[in-house]
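Step one of this worksheet: look at the structure below.
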Amino acid sequence: MDDQNRNLLLATVLSFFVIVVWYVGGSWLFPEVFATEEPLVAVQAAPSDAAAPAANTAAAAPATNPDTASATDALAAAPRLAVKTPKLEGSISLLGARIDDLSLTGYRETLDPASPEVRILSPIGQEHPYYALFGWAPGVGLTADDVPGAKTLWQAAAGAELTPETPATLTWTNGKGLTFIRVISVDADFMFTVSDKVENAGTAAASLYPYGIIARHGLPKMQNIYVVHEGAIRRTDGTYEELKYNKVTDLSVVDSEGTPADVVEATTDGWIGFTDHYWMTTLVPEQGKPWTAVTKYVPGADIYQAEIRQPVMTVAPGASVAVSNRVFAGAKEWETIRGYQTAGLAGFIDSIDWGWFFFLTKPIFYILHFVHGLIGNMGLAIIGLTFFLKLLVLPLAYKSYVSMARMKELQPEMEALKERCGDDKQKLQKETMQLYKEKKVNPAAGCLPVLIQIPIFFSLYKVIFVTIELRQAPFFGWLQDLSAPDSSSLYNLFGLFPWDAPVTGTLTHTIFIGVLPIILGISMWLQQKLNPAPADPVQQQIFAWMPWVFMFMLGSFASGLVVYWITNNTITFAQQYLIMLSHGHKPDIFGNIRKSFAKKEAVPVANSNKAPAKLPGKAPKK
451 MDDQNRNLLL ATVLSFFVIV VWYVGGSWLF PEVFATEEPL VAVQAAPSDA
501 AAPAANTAAA APATNPDTAS ATDALAAAPR LAVKTPKLEG SISLLGARID
551 DLSLTGYRET LDPASPEVRI LSPIGQEHPY YALFGWAPGV GLTADDVPGA
601 KTLWQAAAGA ELTPETPATL TWTNGKGLTF IRVISVDADF MFTVSDKVEN
651 AGTAAASLYP YGIIARHGLP KMQNIYVVHE GAIRRTDGTY EELKYNKVTD
701 LSVVDSEGTP ADVVEATTDG WIGFTDHYWM TTLVPEQGKP WTAVTKYVPG
751 ADIYQAEIRQ PVMTVAPGAS VAVSNRVFAG AKEWETIRGY QTAGLAGFID
801 SIDWGWFFFL TKPIFYILHF VHGLIGNMGL AIIGLTFFLK LLVLPLAYKS
851 YVSMARMKEL QPEMEALKER CGDDKQKLQK ETMQLYKEKK VNPAAGCLPV
901 LIQIPIFFSL YKVIFVTIEL RQAPFFGWLQ DLSAPDSSSL YNLFGLFPWD
951 APVTGTLTHT IFIGVLPIIL GISMWLQQKL NPAPADPVQQ QIFAWMPWVF
1001 MFMLGSFASG LVVYWITNNT ITFAQQYLIM LSHGHKPDIF GNIRKSFAKK
1051 EAVPVANSNK APAKLPGKAP KK
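Put into structure tokens, the structure is as follows:
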């Protein structure tokens, strides 16, 4: 096999390996579960400061597990505070002051403009309740009834509405001298700020400590794409961690309520929450101060929880204390999240799942985002990115193609060496290496562009699947979602017949591929025809089938990735053609195509001088 075909085969095999690993390596499907219980609020006191040594004890708010029907009815009957921002709409229940009803105004479930907006948080009583709430846990001398929690009914001004311009103020008094004032504000994106103040008008000091909870009832509807993390996320003191839902249910640490939990003490910065494919809900404590991060699962109620717990605070008579926390609830938009990180939220950009090759995926996405800002079309941006990446590795690719062209020039001398050395393989190898040295040819140089292409391909694959900027991003014509497979299909002759194409993910969809995969197969086939087919019949068969195998394999991949691969093949074809032409080897493309369709000659039978075998029942002719 000549070096050009060898490297093409290597590229194909490596690419095929990457595709198989990520195509069939998905995680197990999880069953959907529905639960309607309240979260378990179990907050253990952190070590107190010198001003309140008596509060350095373990305490917990009671588990709030009221009757399911009564809890749902109470929530339904509770007054609500409307939320309206440029990107969010919904409401906050004054029962617990829980942020539990949010939809994203800029995102819809499907491409249909009439489809529902994406709902990110839902109250108890609806499918998959998911919400955030903040409260106070009692310290020494207080009970659960003395502090606001999940069942506290807060008071708000009549007609109050939460917008970026108008924060909302909630109040609650425990009747024993403590007044709790909560100011909730929201920015123009997805960040809420919850500022709590406790005023003590009593005659005795009060010890208590704040907490925040994100509660997720049952497993959500997940994409189950292996390269996208869906589950718990956390950053504490510079360390970022991910935990899938099936691992959350199998935690080893037990908290004060006897519930399995993963508890981490943080001293400076961080955040904790849950992430979906494109959406995220995250608690953000005050940065620069100590806090406790807790990830837990409540098996009896089937609730996944992420918590922030903060140190005990003591309020002297006539004094007050204050604390401020934030909660992010929205889309994982790169610019938005980067803005929060720039403003001081350390490592927040890592909430986007960049993967192992983050050192490639981050700059690749940055370039893609930049080009998209210039062009305004994500498909054209992918094509522009492909040209940029090919230009970046052009010096290495040129060196590789030149090396392969010079290898072709050595073919007559290589054939002479084989004739001269006969069956002496050791001598052939020695003289071959000497020939390479004399002619200054590196036979391994042709492999370098292939090896570089694999991590670039995977990184772009990751970017297309993970980043929300590719979700429902249109190209041209029928390609209205570059994060989804090509919607056209041979099944209805690309829309000419009056029936729908097969549903994505089905066997029928895999068989009846669309336009883009067919173009990809043709581009790979034409790239092969730059060189004559290998002499070995087995290798001929491998090369003959490989473009069409890839065509069907990639038929179910995101169309944006297929656009990249087609562009990459086209540029590679042009580069190889021009370099081969510059070295006096004009590719006989049409000749190679004709030979591939020509009728194969019969292979001579070994020992053909022997007499043919005698057929049973017939005498040989004389």
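Numbers given in the working numbering equal positions in the sequence shown, counted from 1, plus 450.
Using N, Cα and C, we set each Cβ at its ideal position, and we do this for glycine too.
None of the values given here were measured: they were computed from a predicted structure.
Local Cβ density within 10 Å of residue i, reported as buried at 16 or more and exposed below that
{"i": "Pro935", "result": "buried"}
{"i": "Lys880", "result": "exposed"}
{"i": "Lys889", "result": "exposed"}
{"i": "Leu612", "result": "buried"}
{"i": "Phe947", "result": "exposed"}
{"i": "Ala866", "result": "exposed"}
{"i": "Lys782", "result": "buried"}
{"i": "Phe798", "result": "buried"}
{"i": "Lys537", "result": "buried"}
{"i": "Lys840", "result": "buried"}
{"i": "Leu970", "result": "buried"}
{"i": "Leu846", "result": "exposed"}
{"i": "Asp705", "result": "buried"}
{"i": "Gln861", "result": "exposed"}
{"i": "Ser1032", "result": "exposed"}
{"i": "Thr653", "result": "exposed"}
Inter-residue Cα distance where the pair is residue i and residue j
{"i": "Leu554", "j": "Lys534", "result": "11 Å"}
{"i": "Leu701", "j": "Asn650", "result": "39 Å"}
{"i": "Lys1045", "j": "Lys979", "result": "10 Å"}
{"i": "Ile574", "j": "Leu583", "result": "13 Å"}
{"i": "Asp550", "j": "Phe925", "result": "36 Å"}
{"i": "Trp995", "j": "Phe1002", "result": "11 Å"}
{"i": "Lys647", "j": "Tyr661", "result": "13 Å"}
{"i": "Trp622", "j": "Trp604", "result": "5 Å"}
{"i": "Leu901", "j": "Asn1019", "result": "15 Å"}
{"i": "Asp637", "j": "Ala796", "result": "19 Å"}
{"i": "Ile722", "j": "Thr732", "result": "5 Å"}
{"i": "Ala587", "j": "Val773", "result": "14 Å"}
{"i": "Ile683", "j": "Leu693", "result": "6 Å"}
{"i": "Val852", "j": "Gln884", "result": "19 Å"}
{"i": "Asp1023", "j": "Met1030", "result": "Note on residue identity: the sequence assigns Phe, not Asp, to residue 1023. Rounded to the nearest angstrom, the two C-alpha atoms are 11 Å apart."}
{"i": "Asp726", "j": "Gln755", "result": "15 Å"}
{"i": "Val633", "j": "Ala618", "result": "6 Å"}
{"i": "Leu1028", "j": "Ile1021", "result": "11 Å"}
Close-in-space but distant-in-sequence residues of the same chain around residue i (CB under 6 Å, 5 per side omitted)
{"i": "Trp741", "result": "Ala716, Pro735, Ile758, Gln760"}
{"i": "Thr643", "result": "Ser635, Arg776"}
{"i": "Gly1074", "result": "The question about residue 1074 has no answer here: the residues shown for the chain are numbered 451 through 1072."}
{"i": "Ile1039", "result": "Lys979"}
{"i": "Ala831", "result": "Leu818, Val821, His822, Ile825"}
Beta-carbon contacts of residue i that lie in its chain and below 7 Å, excluding the five residues immediately before and after
{"i": "Phe1007", "result": "Pro935"}
{"i": "Leu940", "result": "Phe962, Ile963"}
{"i": "Gly823", "result": "none"}
{"i": "Pro614", "result": "Thr535, Val636, Asp637, Ala638"}
{"i": "Lys877", "result": "Cys871"}
{"i": "Phe809", "result": "none"}
Residue i in three-state terms, based on DSSP
{"i": "Pro660", "result": "strand"}
{"i": "Asp499", "result": "Confidence at Asp499 is low in this model, with a pLDDT of 32, below 50, so its placement is unreliable and the value that follows should be read with caution. Three-state result, Asp499: coil."}
{"i": "His667", "result": "strand"}
{"i": "Asp637", "result": "coil"}
{"i": "Val843", "result": "coil"}
{"i": "Ile631", "result": "strand"}
{"i": "Ser801", "result": "helix"}
{"i": "Ala866", "result": "helix"}
{"i": "Tyr580", "result": "strand"}
{"i": "Ala547", "result": "coil"}
{"i": "Phe1007", "result": "coil"}
{"i": "Leu538", "result": "strand"}
{"i": "Asn1019", "result": "helix"}
{"i": "Leu398", "result": "Residue 398 lies beyond the range of the chain shown here (451 to 1072); nothing can be said about it."}
{"i": "Met828", "result": "helix"}
{"i": "Glu783", "result": "coil"}
{"i": "Val1013", "result": "helix"}
{"i": "Ala594", "result": "helix"}
{"i": "Asn775", "result": "strand"}
Residues of its chain near residue i, where Cβ-Cβ distance is below 8 Å and the 5 sequence neighbours each way are ignored
{"i": "Leu592", "result": "Ala656, Ser657, Leu658"}
{"i": "Leu544", "result": "Ala528, Pro529, Arg530, Leu531, Leu603, Trp604, Gln605, Ala606, Leu620"}
{"i": "Ser770", "result": "Lys647, Val648, Glu649, Asn650"}
Inter-residue CB distance, residue i and residue j (contact presumed, cutoff 8 Å)
{"i": "Ile802", "j": "Val916", "result": "7 Å"}
{"i": "Leu1004", "j": "Leu910", "result": "Actually they are not in contact, since the Cβ atoms of Leu1004 and Leu910 sit about 13 Å apart, beyond 8 Å."}
{"i": "Tyr557", "j": "Leu571", "result": "Between Leu571 and Tyr557 the Cβ distance is about 14 Å, and since that is not below 8 Å, they are no contact."}
{"i": "Phe724", "j": "Gly780", "result": "Going by Cβ atoms, the distance from Phe724 to Gly780 rounds to 13 Å, so no, they are not a contact pair."}
{"i": "Trp784", "j": "Glu577", "result": "Trp784 to Glu577, Cβ: 30 Å. No contact."}
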